[in-house]
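Going by UniProt numbering, 43 is the number at position 43 of the sequence shown; the sequence numbering is gapless. The beta carbon of each residue, even a glycine, is placed where N, CA and C say it ideally should be.
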Amino acid sequence: MIDLTTLPVRLAPIFTDAGPVKIIRAHHKYALALSEAGKLACTSIKPWMGSGLTPTTLRHAESLIETFEQQRKIGYGITYLLMWNEQCLGMGLLNYIHPVHLNANLGLWLVPEARGRGLAVKLCERLIEIARQPLGLNRLEYFTLPDNQASIKLAHAIGAKKEALCKRRILNQDALLFSLLLNH
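Structure, rendered in structure tokens:
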């Protein structure tokens, strides 16, 4: 098992013209902000990530954050929220962390108003940093819908390489698989 309990609560912030965007590990005190963000993003995110990762009620957000905490404790994954002032702009996560093969999935979503500002690239860069060190992972995998041009552009921006079209891979939909090999 990979010990995720020692990972930082905060990652380096993303500096924008509107001020710093904090990257903070998912915590119960952000449940309301997460549910509000989920409401804003659900129509575009839910068809791809399902309703499980896009909470639209406070109760669902609280339950999801508890799940994230349990996953962190057992070495399955870690989730960070993008926070600007008191508003959640989205989340980024490393999950399906394999303790033997040292690989994981990289995922994220943003509210519509936060897209197209470079936040996704910066968030992925921060997650890649912790995947390299201290986690010591060898590989990250990133899945996206074949027609999601913004997500494909993001994959290229972070240096991921297209590997395959996986039939019926995510919620019975085809998905492009990109990978990022991590040099230590």
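Cutoff 7 angstroms; reference residue i; Cβ partners in own chain excluding five residues on either side
i	result
leucine 40	Val111, Pro112
alanine 155	Tyr142, Thr144, Phe178
alanine 160	Tyr142, Phe178, Ser179, Leu180
lysine 162	Leu176, Phe178
Inter-residue CB distance, residue i and residue j (contact presumed, cutoff 8 angstroms)
i	j	result
leucine 106	glutamate 62	That pair is no contact at about 25 angstroms.
glutamate 86	alanine 33	6 angstroms
arginine 72	isoleucine 65	With 8 angstroms as the limit, arginine 72 and isoleucine 65 do not qualify as a contact, their Cβ atoms being about 11 angstroms apart.
isoleucine 23	arginine 126	6 angstroms
methionine 91	leucine 108	6 angstroms
Alpha-carbon to alpha-carbon, residue j and residue i
i	j	result
isoleucine 14	glycine 118	9 angstroms
valine 9	glutamine 133	15 angstroms
valine 121	valine 21	13 angstroms
arginine 168	leucine 176	10 angstroms
glutamate 93	leucine 81	Residue 93 is actually leucine in this sequence, not glutamate. Answer to the nearest angstrom: the Cα atoms are 9 angstroms apart.
leucine 4	alanine 18	31 angstroms
glutamate 36	cysteine 42	10 angstroms
Neighbour-count burial assignment, residue i, 16 or more Cβ in a 10 Å radius
i	result
serine 151	buried
glutamine 149	exposed
arginine 25	buried
Which residues DSSP lists as bridging residue i, in chain order
i	result
alanine 37	Paired residues: none, contrary to the question.
proline 20	Phe15
cysteine 88	Met83
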